[in-house]
């Protein structure tokens, strides 16, 4: 099961995951990316958390971001 979460632009993936604002679930990466794309706008972003802990969003894949905190994940956002 792939879970979709929302986060503010200044919030890390790990923080958003801990906050637990889960907005959808799906079974495939393609569907997850479609949901993320449809729900992301200028004020907040959505991301998918794959079963192996990889974060998937419109910018790419980020393995281990939720577990490690991924402080370097923010490149100006």
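Residue numbers (the working numbering): 228 to 304.
Built from N, CA and C at the ideal position, the CB exists for glycine as well.
All values derive from a computational prediction rather than experimental measurement.
Taking 8 Å as the cut-off, decide whether the C-beta atoms of residue 264 and residue 285 are in contact.
Working through the chain shown from its first residue, we reach residue 264 at position 37. Working through the chain shown from its first residue, we reach residue 285 at position 58. Their beta carbons are under 8 Å apart, which means residue 264 touches residue 285 by this criterion.
Taking the straight line between their C-alpha atoms, what separation do you get for residue 242 and residue 260?
The residue you call residue 242 lines up with position 15 of the chain shown. The residue you call residue 260 lines up with position 33 of the chain shown. When rounded, the distance between both Cα atoms is 20 Å.
From the DSSP output, in three-state form, read off residue 246 for me.
Numbered from 1 along the chain shown, position 19 holds the residue referred to as residue 246. The answer is helix: DSSP assigns residue 246 an H, G or I state.
Alpha carbon to alpha carbon, how far is residue 293 from residue 277?
Working through the chain shown from its first residue, we reach residue 293 at position 66. Working through the chain shown from its first residue, we reach residue 277 at position 50. Roughly 11 Å separates the two Cα atoms.
Which residue wins for smallest C-alpha separation from residue 275, given the options 291, 283 and 269?
Counted from its first residue, the chain shown places residue 275 at position 48. For the residues 291, 283 and 269, the minimum Cα distance to residue 275 belongs to 283.
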